[in-house]
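This report concerns only the one structure given below.
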Amino acid sequence: MALVLEESEADIMLLPPRSLKKDRLVDGNLIGNAYVFIGMLECTFAFINYFWYMTSQGFPLSSLFFSWGWGTDGFEGTNADYQANSLAVGQSVYFITLVVCQIGNLITTRRRKLPYFYTPTKSERSEAYTSIAIGDGTQFSSSTVAEQPGPATHYIRAGLRIAACCVASIVVAILCTEVPAICQGIASGPVPGEHWAMAIGCAFFIFGANELRKWMIVWYPSGFCARTAW
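If you want our numbering, it's the position in the sequence shown, counting the first as 1, plus 4.
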């Protein structure tokens, strides 16, 4: 919801007008970015963290794939209660990894095509404003560009909204994995610190990978990353 209140990106006038016949809100590029690029990274990291925890509890990968006997005493030399507790924490590890990775995704997705720490120069924006005409044939003037970007207070408030969303997500995740009554109701459990650290590292990786993708768009405007950008 915080992204709804974000201002338009600084390169908005560098983009050609939208084609009403060809351009769609949800297209192949958006689906590819969400499910093939970011989605696959998050899913992979969550499973890696999950399997790391389960193997540390005495359940090798071979016992987690196509094996019979889970939930019964004697499976991998453990009893049913131990298996249930391990599974509860393991799926909490998976959940926590997704939550933290989504925070990294949220921060980098604030700007779809421009790197997080990059802003087009005034001359770049000026060229865009004076070269792109609107429907009635009139054009933007360079004086309009001089007014960009908006007041600093807007960016401070936008940053605070994003920070509040991140904190709220972490608080909900902690409540779902640390409060005994909630844990009992949803079959979750406390996540060890090293798996929190793993999740944070994964979030940084996602942020860096998506920033690299956006820098490739800046460096190579006609390259593969630019053509497949959403």
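Where a beta carbon is used, it is the ideal one built from N, C-alpha and C, also for glycine.
Pair within 7 Å by beta-carbon distance, residue i and residue j
{"i": "Thr-236", "j": "Asn-37", "result": "Only positions 5 to 234 of the chain appear in the structure, and residue 236 is not among them; the question remains open."}
{"i": "Val-103", "j": "His-199", "result": "no"}
{"i": "Thr-181", "j": "Pro-194", "result": "yes"}
{"i": "Ile-210", "j": "Leu-45", "result": "yes"}
{"i": "Asn-83", "j": "Trp-234", "result": "no"}
{"i": "Asn-214", "j": "Thr-112", "result": "yes"}
Extent of the continuous alpha helix (DSSP H) run through residue i
{"i": "Ser-66", "result": "65-68"}
{"i": "Trp-200", "result": "197-223"}
{"i": "Pro-184", "result": "184-190"}
{"i": "Gly-62", "result": "No alpha helix (DSSP H) contains Gly-62, which DSSP labels as neither H nor E."}
{"i": "Gly-32", "result": "32-35"}
For residue j and residue i, the rounded distance between their alpha carbons
{"i": "Tyr-39", "j": "Asn-109", "result": "12 Å"}
{"i": "Gly-62", "j": "Leu-91", "result": "12 Å"}
{"i": "Ala-50", "j": "Gln-106", "result": "11 Å"}
{"i": "Ala-230", "j": "Leu-118", "result": "11 Å"}
{"i": "Trp-74", "j": "Ala-185", "result": "25 Å"}
{"i": "Trp-223", "j": "Ile-166", "result": "28 Å"}
{"i": "Tyr-57", "j": "Cys-170", "result": "25 Å"}
{"i": "Ile-138", "j": "Phe-208", "result": "Note on Ile-138: pLDDT 40, under 50, position unreliable in the model; the coordinate value appears next. Roughly 40 Å separates the two Cα atoms."}
{"i": "Phe-55", "j": "Pro-21", "result": "47 Å"}
{"i": "Thr-232", "j": "Ala-88", "result": "44 Å"}
{"i": "Phe-79", "j": "Gly-43", "result": "33 Å"}
{"i": "Gly-212", "j": "Arg-115", "result": "13 Å"}
{"i": "Leu-179", "j": "Met-202", "result": "19 Å"}
{"i": "Lys-25", "j": "Phe-69", "result": "47 Å"}
{"i": "Ser-23", "j": "Gly-227", "result": "21 Å"}
{"i": "Ala-35", "j": "Cys-206", "result": "The question names Ala, yet the displayed sequence has Ile at residue 35. Their backbone Cα atoms lie some 21 Å apart in a straight line."}
{"i": "Gly-163", "j": "Ile-174", "result": "17 Å"}
{"i": "Gly-189", "j": "Asp-85", "result": "16 Å"}
Where residue i sits in the DSSP three-state scheme
{"i": "Phe-51", "result": "helix"}
{"i": "Phe-228", "result": "helix"}
{"i": "Asp-140", "result": "Here Asp-140 scores only 39 on pLDDT, less than 50, and its place in the model is too uncertain to base an answer on."}
{"i": "Thr-82", "result": "strand"}
{"i": "Ala-233", "result": "coil"}
{"i": "Phe-41", "result": "helix"}
{"i": "Ser-71", "result": "coil"}
{"i": "Phe-99", "result": "helix"}
{"i": "Leu-118", "result": "coil"}
{"i": "Arg-243", "result": "Residue 243 lies beyond the range of the chain shown here (5 to 234); nothing can be said about it."}
{"i": "Thr-76", "result": "coil"}
{"i": "Glu-28", "result": "It is Arg, not Glu, that sits at residue 28 in the sequence shown. It is coil, neither helix nor strand."}
{"i": "Gly-193", "result": "coil"}
Nearest neighbour of residue i, chosen from the options [CA to CA]
{"i": "Gln-95", "options": "Ala-213, Cys-206, Val-176, Ala-191", "result": "Ala-191"}
{"i": "Val-93", "options": "Thr-76, Thr-59, Phe-41, Ser-67", "result": "Thr-59"}
{"i": "Tyr-120", "options": "Cys-187, Leu-216, Leu-65, Val-183", "result": "Leu-216"}
{"i": "Phe-41", "options": "Lys-218, Phe-99, Asp-27, Gly-227", "result": "Lys-218"}
Contact test: residue i Cβ vs the ligand NAP heavy atom, cutoff 6 Å
{"i": "Leu-179", "result": "Looking for the ligand NAP in the displayed structure turns up nothing, as the structure carries no ligands at all."}
Cutoff 7 Å: residue i Cβ touching any chain C Cβ
{"i": "Ile-107", "result": "Protein chains in the displayed structure number just one, and chain C is not present."}
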